[in-house]
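Undergrad: Supplied in structure tokens, the structure appears directly below.
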Amino acid sequence: MDNKYYKLPDLPYGFKDLEPYMSEEQLKLHHDKHHQAYVDGANALLKKFDARNGEDFDVKAVSKELTFHVGGFVLHNYFWTNLGPADKCGGAPTGTIAEYIKKDFGSFERFKKEFTQAAAGVEGSGWAVLTLCRKTDRIFIMQIEKHNVNVIPGFRIMMVLDMWEHAYYLDYKNKRPDYIEAFWKLINWDEVNRKTDTWLKSPL
Ligand code: MN
């Protein structure tokens, strides 16, 4: 079977299309090298599972590695799709997600401020993410350490921002706030809404 392993997806836009906020060099390195490394890491583990031969695994270590590589793979897929060219993206949110932001945060300004703080406050490598809890019908901002998504039933991720240095260092060096500001020019609300509407329609 061909789909037994993970594959690096193509970007939904060209490598130059996020300029000037994200350079071709930065995006290419991030996608072709870093994202590829998580694909390779995840597949190496899957191949280890395929070759189970009676020898015991260190299950705890393998679970952690699996979460890291598969988490890294999936989060990057989310990241690429929730970005887009600045002439078509950025600005104020629209659709369902705009309604949730208004309901739970009062205003987009307040939401942007808190999400920015969550991103800036990621210690070391990690992500800022927006989740939607179906139990309470609320959206929450969360941080993910490294790529280790701890799955909470009833929650799903709607939007992510990669805060690993590899995501911005070529373009922004140590200026994390400038990178986060650039993110708001590239955010693809249509995709955030697609994820939100799909999740709201899914059976629990
Ligand atoms: Mn990354």
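When the letters of the sequence shown are read in order and numbered with this note's numbering, they come out as residues 355 to 558. No residue lacks a Cβ here, since even glycine has one placed at the ideal position from N, Cα and C.
#1: Got a list of residues with beta-carbon closer than 6 Å to any non-hydrogen atom of the ligand MN, in chain order?
#2: Who are the Cβ neighbours of K539 in its own chain at under 6 Å, not counting the five residues just before and after it?
#3: Closer than 6 Å by C-beta to F459: which residues in its own chain qualify, once you throw out the five before and the five after it? Chain order, please.
#4: To the nearest angstrom, report how far apart Q390 and R488 are at their CA atoms.
#5: Is the beta carbon of H520 sitting closer than 9 Å to the one on H423?
#6: Would you be able to state if there are at least three C-beta pairs under 8 Å between the region 366-380 and the region 496-515?
#7: Excluding five sequence neighbours on each side, which residues of the same chain lie with their C-beta closer than 6 Å to the C-beta of L515?
#8: Thinking T552 and L486 are a contact (beta carbons under 8 Å), I'd like their distance in whole angstroms, please.
#9: What residues match up with D516 in a beta bridge as DSSP calls it?
#10: Could you check whether Y432 and I493 sit closer than 9 Å to each other, using their CB atoms as the reference points?
#11: Can you tell me whether DSSP reads F494 as helix, strand or coil?
#12: What is the residue span of the alpha helix (DSSP H) that P531 lies within?
#13: With a threshold of 16 other CB atoms inside 10 Å of the CB of E468, please say whether the residue is buried or exposed.
#14: Which runs of the alpha helix (DSSP H), 4 residues or longer, sit entirely within the region 410-447?
TA: According to the structure shown:
#1: H384, H388, H430, D516, W518, H520 and A521
#2: Counted from its first residue, the sequence shown places residue 539 at position 185. Result list for K539: Y375, A440 and G444, in chain order.
#3: Along the sequence shown, one-based indexing puts residue 459 at 105. Closer than 6 Å at the Cβ level, and outside the excluded window around F459, lie F465.
#4: Taking the first residue of the sequence shown as 1, we reach residue 390 at position 36. Taking the first residue of the sequence shown as 1, we reach residue 488 at position 134. Rounded to whole angstroms, Q390 to R488 spans 32 Å at the Cα level.
#5: The sequence position of residue 520 within the sequence shown is 166, counting from 1. The sequence position of residue 423 within the sequence shown is 69, counting from 1. In this structure, H423 does not lie closer than 9 Å to H520 by Cβ.
#6: no
#7: Translated into positions along the sequence shown, residue 515 becomes position 161. Setting aside the 5 residues that flank it on each side, L515 is surrounded in the same chain by A473, A482 and F537, each with a C-beta closer than 6 Å to its C-beta; the list follows chain order.
#8: The sequence position of residue 552 within the sequence shown is 198, counting from 1. The sequence position of residue 486 within the sequence shown is 132, counting from 1. T552 to L486, Cβ: 11 Å. No contact.
#9: Along the sequence shown, one-based indexing puts residue 516 at 162. Partner(s): W481.
#10: Position 139 of the sequence shown, counted from the start, is the residue given in the question as residue 493. Position 78 of the sequence shown, counted from the start, is the residue given in the question as residue 432. Their beta carbons are not under 9 Å apart, which means I493 does not touch Y432 by this criterion.
#11: Here residue 494 corresponds to residue number 140 of the sequence shown, with the count starting at 1. DSSP places F494 in strand when its eight states are reduced to three.
#12: Within the sequence shown, residue 531 is the residue found at index 177, counting from 1. Element bounds for P531: R530 to L540.
#13: The residue labelled residue 468 in the question sits at position 114 within the sequence shown. Under this definition E468 is an exposed residue.
#14: 413-435
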